[in-house]
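Okay, so here's the structure we're looking at.
Protein chains: 2
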Amino acid sequence: MSHEDVSAAAEMRWNGWGDPNRVSGLPFAVRALLPAILGRVRRPAAAPGIDEVEVAPSLLTEADQATLREVVGAEDVDLSAGARLRHAGGRSTPDLLERRGHRQETPDGIVLPASHDEVAEVLRLASERRIAVVPFGGGTSVVGGVDPERGPHHAVISLDLRRLTGLVSFDSVSGEAVLRAGTRGPEAERLLSERGFELGHYPQSFRYATIGGFAAARSSGQNSAGYGRFDTMVTGLRVATPTGELDLGRAPGSAAGPDLVRLFLGSEGVFGVITEVRVRVHPVPAERIVESWSFPDFVTGAEALRRTVQSGAGPTVIRLSDEVETGVSLAQVGRIGKALSKGASVVAVFEGEDAETRRVRTAGFLSAAGGTSTGRTGAQDWLDTRFDGPYLRDALLDVGVFCETLETATTWANLQRLRQAVADALRTGFAQDDAKSFVMCHVSHVYPTGASLYFTVLAGIRGDQLAVWDRVKHRVGDAIMAAGGTITHHHAIGRDHAPWLEDEIGETGLRILRAVKAELDPAGVLNPGALIPVPSGSGT
Amino acid sequence: MSHEDVSAAAEMRWNGWGDPNRVSGLPFAVRALLPAILGRVRRPAAAPGIDEVEVAPSLLTEADQATLREVVGAEDVDLSAGARLRHAGGRSTPDLLERRGHRQETPDGIVLPASHDEVAEVLRLASERRIAVVPFGGGTSVVGGVDPERGPHHAVISLDLRRLTGLVSFDSVSGEAVLRAGTRGPEAERLLSERGFELGHYPQSFRYATIGGFAAARSSGQNSAGYGRFDTMVTGLRVATPTGELDLGRAPGSAAGPDLVRLFLGSEGVFGVITEVRVRVHPVPAERIVESWSFPDFVTGAEALRRTVQSGAGPTVIRLSDEVETGVSLAQVGRIGKALSKGASVVAVFEGEDAETRRVRTAGFLSAAGGTSTGRTGAQDWLDTRFDGPYLRDALLDVGVFCETLETATTWANLQRLRQAVADALRTGFAQDDAKSFVMCHVSHVYPTGASLYFTVLAGIRGDQLAVWDRVKHRVGDAIMAAGGTITHHHAIGRDHAPWLEDEIGETGLRILRAVKAELDPAGVLNPGALIPVPSGSGT
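Heads up: the protein sequence lines correspond to chains E and Z, in order.
Letter 335 of the first sequence, counting from 1, is numbered 342 in this note's numbering, and no numbers are missing.
Letter 30 of the second sequence, counting from 1, is numbered 37 in this note's numbering, and no numbers are missing.
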């Protein structure tokens, strides 16, 4: 059996994170602490209910609607205000702030195909009729990846893949499974677990995000040290485009030209719609061991992580929280406000038959590098609450405290410089808008050559939260690029990061993406404005 | 110090493999055995010397020559017959048979740029003047990747990168090195070894092939089980194209759109010329342990390899020879003709501080799966002679015996079916042309989900060797695709495999490659005919 809860998740709260039935208040100690750190902020007006939001009439013509209904069936083209609001955006903090408005932009309809062929047919017809199509999986994008943007077209539909679920095939000998793109994390793991296997991909969005979304956005899960980022798990893809289909990935290793699977991983629905994903799976690990460590400071801890991963010691999870995050124990959401810890804490998890051997080897590197084992509790707390961070954000937003995350990655040699640059840009950015901020950082994904940096920031913004964050986010993006980081390690580009893609891959790189898009999606209906920045000067 | 010989290799024999000063005759026992297995074949006429071959006049105009000399310097545009013959092709068996002709096709000149900027300028001017450009590294292609094809252009130059060598930068903390593309294997390892590191990429072409060639052709080395295929070692690329440059790979992990590094790995010089490669390196392993194993048969051995690699036991090298290859000990070239071994033999190598731990774990899986350790000798013999196979081929061709290799890969579940299909296609293909053949197979690259299959075939062809092989090769290519394999695991597409690329990636996949090429190389001067098949009906 899987180590994780793989029961099906309920439909997500329409204007916040996760289970709508879960009450997620702030611990008393946090509420008491916040004004001291961030100054007093105004509690926002109560958010409108889904029935209280004004939604513009759908711009799909009668003929559009009839055409789409012919492909997927009458009941699977949904023009209701409720469905349209549920597809109005992802789950970034700006998304959630937008969801508090009394008028909201939404797609003009939701289309729910049930097969690869129906997806292909919808794309073909949408191209013919000039309807923008935004592929929609779990709706957990935090970069504006599912915003209902029409581009130059007369209407936009959200192509929800929730009917495209389940296992297409399973090969226990080779350790491969083909899953339909709309399968959510828990459902995928449940199907595999029934066969004694797991995928082992646990990003924070696990309970809601889909297999296709993981692929389209180049997701990276919390077990990436052990099982790799989602990129490395994918051995094949089936993709529908407006002008033809692809069935990629013939062999575990190949030199038959460029690996086109990698061109669709991270393509964010602008080249085509991923309908099936072949993934490498492994037997459910028999053992799981957890251990927490304490380091004098972040720099020492990072050096310990570097030595551990470069040695191939083999932890499944290894994370390092900086002094601030360790102090408030936000790394262990459940313990927030409890005893303030000192230094920088590390959580390590080891899975597999040889978990204990790998724990011992890792412990050797960590203690040689100045770490002290602090037992199981901290690491177990983290495991137990690791999908809960977004609930806490909802609770903070409810009391008027701004809370958002962002992430980047770089080489080990450049890690401290990048961390400093981002932290400085966040603090001075908020300060310029007269807001106090509280910045935490952790390393959650490690590679032989470098690591990711994940920042959580709380801010006491008295003015327009959206406007202030927009300014700060731009400042931070520029700082990341100037300090040699990537604009995103695992959140993808979407619309929010599109302004930096040219810094990331250059003008020639952008030309390549535009050429591929023009070839596959000549009408430009697929997710306009996502990934590929709209050339400046052209309106949308 | 590196475990390998990293002294600089002499310039390769112009019409065969390797060091021209090395005499490589056939062991007496082999010469005695061959007629019994393959029938009598005629010893070919002596091959002409390089001065005896007729070469057509260069088609570069005076103006072309002056323009190119202005970019790279007068002495680095070489129109001599000798230089042109040395760039007439790669090192497949058909190439070597072609090299025996008294008239040969060659490029119209060799251009030797000394910098990224000179490469970029040559590409720009060649586009303007309509001169085809074939990038040339070590010239070790076995798939026609460096053939001097003019396409629709009036002349073709070979762009030899031998002046583009050395280390651009080195980061011992992150374990990354940037190498210029023309750096050969031994020179790269020597530069790293001076700093205590190694790349650990040892394909059979190691002593002659270049870093840029490894990247452009998606090479896989003998240590791939331990250090990965070359694909996975590359963390960044610098590329010159006729219309702009690329500097790709900002971070060890990223979700900033598709990973465009992967679009240039395997691009075989048709999109641009790779000028610098950033690679992951590791400290030179302190320990190396070798062990040989024997299995009752190939099927049992393959199952043992599967269990070993899926368990993550961690051999650096693990190879399995089938019964035929084991029998003639061709797996250990130096021992050919010595005692005939039974069953299927496995060679395993373990490197690193924990080599012994990993040997013990691997041994556990191999013996549980029916294997018997046969000590160090066989594995050590393989290590000592592992770059020598091509010398043996030259010796066979000299006595009139046809010898060639080909390779593919598939999932573990499909491995035996594919092996049978390829072996059958080889045997029946040669038989149709009234030639006896001798087919050997080994697994040399393993993945959690599957493995490669490498075939060596000897044939006693009485007629036109090139014509017969062309028919057999087509039959085998079709059989590989029908049986679910990839057309090439690590030899690349070049011109020889281009007919199967559409089977591999589909018509939509081909359209993507053509769109990228049209964007970056609108004049179509880069390596015409390689990788991307010329649409049927259009002449070249």
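All C-beta atoms, glycine included, are put in the ideal place defined by N, C-alpha and C.
Cα-Cα, which of the options is closest to residue i?
i        : options                                : result
Z/Val268 : Z/Val277, Z/Val241, Z/Pro292           : Z/Val241
Z/Glu61  : Z/Ile296, Z/Gly80, Z/Ala95             : Z/Ala95
Z/Val297 : Z/Pro322, Z/Gly484, Z/Trp507           : Z/Pro322
Z/Pro193 : Z/Ser181, Z/Thr172, Z/Phe462, Z/Arg521 : Z/Thr172
E/Glu139 : E/Ala52, E/Pro542, E/Val541, E/Gly536  : Per the sequence shown, residue 139 of chain E should be read as Ala rather than Glu. Among E/Ala52, E/Pro542, E/Val541, E/Gly536, the Cα nearest to that of E/Ala139 belongs to E/Gly536.
E/Asp12  : E/Arg393, E/Leu533, E/Pro397           : E/Arg393
E/Val453 : E/Gly152, E/Gly145, E/Ala311           : E/Ala311
E/His123 : E/Leu520, E/Leu166, E/Glu283           : E/Glu283
E/Val306 : E/Trp419, E/Gly80, E/Pro64, E/Val316   : E/Trp419
E/Ile164 : E/Gly385, E/Ala438, E/Asn534           : E/Asn534
Z/Leu66  : Z/Leu130, Z/Arg191, Z/Ala162, Z/Ala442 : Z/Ala162
E/Ser444 : E/Thr463, E/Met488, E/Arg50            : E/Thr463
E/Leu245 : Z/Gln317, Z/Gly516, Z/Val523, Z/Arg93  : A small fix is needed here, since residue 245 of chain E is Arg in this sequence, not Leu. Closest by alpha carbon: Z/Gly516.
Z/Ser9   : Z/Leu199, Z/Trp21, Z/Val37, Z/Leu33    : Z/Leu199
Z/Val446 : Z/Ala486, Z/Leu465, Z/Ala458, Z/Ser261 : Z/Leu465
E/Ala36  : E/Ala320, E/Val335, E/Ala63            : E/Val335
Z/Phe213 : Z/Phe437, Z/His504, Z/Val48, Z/Ala16   : Z/Ala16
Z/Glu363 : Z/Arg29, Z/Gln427, Z/Gly467, Z/Ala320  : Z/Ala320
Z/Cys448 : Z/Val331, Z/His289, Z/Ser318, Z/Val353 : Z/Val331
Is the shortest distance between the beta-carbon of residue i and the beta-carbons of chain Z less than 9 Å?
i        : result
E/Asn534 : no
E/Gly23  : no
E/Val340 : Low per-residue confidence applies at E/Val340: pLDDT is 45, beneath 50, and the placement is therefore not dependable enough to give any value.
E/Asp178 : yes
E/Gly192 : no
E/Glu128 : no
E/Ser318 : yes
E/Thr495 : yes
E/Ser248 : Note that residue 248 of chain E is Thr in the sequence shown here, rather than Ser. True, the Cβ-Cβ gap to chain Z drops below 9 Å.
Taking Cβ positions, are residue i and residue j nearer each other than 9 Å?
i        : j        : result
Z/Leu422 : Z/Leu373 : no
Z/Trp300 : Z/Gly378 : yes
Z/Thr217 : Z/Gly243 : no
Z/Gly491 : Z/Leu425 : yes
E/Glu294 : E/Glu360 : yes
E/Arg197 : E/Phe177 : no
E/Leu404 : E/Leu40  : no
Z/Ala499 : E/Ala263 : yes
E/Thr147 : E/Trp476 : no
E/Val149 : E/Arg326 : no
Z/Thr435 : Z/Arg482 : yes
Z/Val479 : Z/Asp431 : no
Z/Ser548 : E/Thr456 : Nothing about residue 548 of chain Z can be reported from this structure: the residues present for chain Z run from 8 to 547 only.
Z/Gly97  : Z/Gly151 : yes
Z/Gly89  : Z/Ile57  : yes
Give a yes or no on whether the minimum CB-CB distance between residue i and chain E is below 9 Å.
i        : result
Z/Ala224 : yes
Z/Leu520 : yes
Z/Asp254 : yes
Z/Ser212 : no
Z/Gly378 : no
Z/Val397 : Before going on, a small fix: residue 397 of chain Z reads as Pro here, not Val. False, the Cβ-Cβ gap to chain E never drops below 9 Å.
Z/Thr417 : yes
Z/Gly546 : Its pLDDT being 44, under 50, Z/Gly546 is placed unreliably in this model, and the value from its coordinates should be taken loosely. By this cut-off, Z/Gly546 is not an interface position.
Z/Trp507 : yes
Check whether the stretch 128-136 of chain Z touches the stretch 524-532 of chain Z, counting contact only when three or more Cβ pairs, one atom from each stretch, lie closer than 8 Å.
yes
With three or more beta-carbon pairs closer than 8 Å as the criterion, would you say the stretch 68-82 of chain Z touches the stretch 38-56 of chain Z?
The stretch 68-82 of chain Z, when compared against the stretch 38-56 of chain Z, does not touch it at the 8 Å Cβ threshold.
Are the stretch 154-169 of chain E and the stretch 224-233 of chain E touching, with three or more C-beta to C-beta distances below 8 Å?
no
Starting from the N-terminal side, write out each stretch of the beta strand (DSSP E) that is 3 residues or longer and does not extend beyond the stretch 386-422 of chain Z.
Whole beta strand (DSSP E) segments, 3+ residues: 409-418.
Do the stretch 244-262 of chain E and the stretch 249-264 of chain Z meet, that is, are 3 or more Cβ pairs less than 8 Å apart?
no
Is it the case that the stretch 76-94 of chain Z contacts the stretch 113-120 of chain Z, given that we only count it when at least three CB pairs across the two stretches are under 8 Å?
yes
Which complete beta strand (DSSP E) runs does the stretch 447-524 of chain Z hold, if anything under 3 residues is left out?
Listed in chain order, the complete beta strand (DSSP E) runs (minimum 3 residues) inside the stretch 447-524 of chain Z are 457-467.
4 or more residues per run - each alpha helix (DSSP H) lying fully within the stretch 297-372 of chain Z
305-317, 330-335
3-residue-minimum beta strand (DSSP E) runs that sit fully inside the stretch 68-121 of chain E, ordered along the chain
116-118
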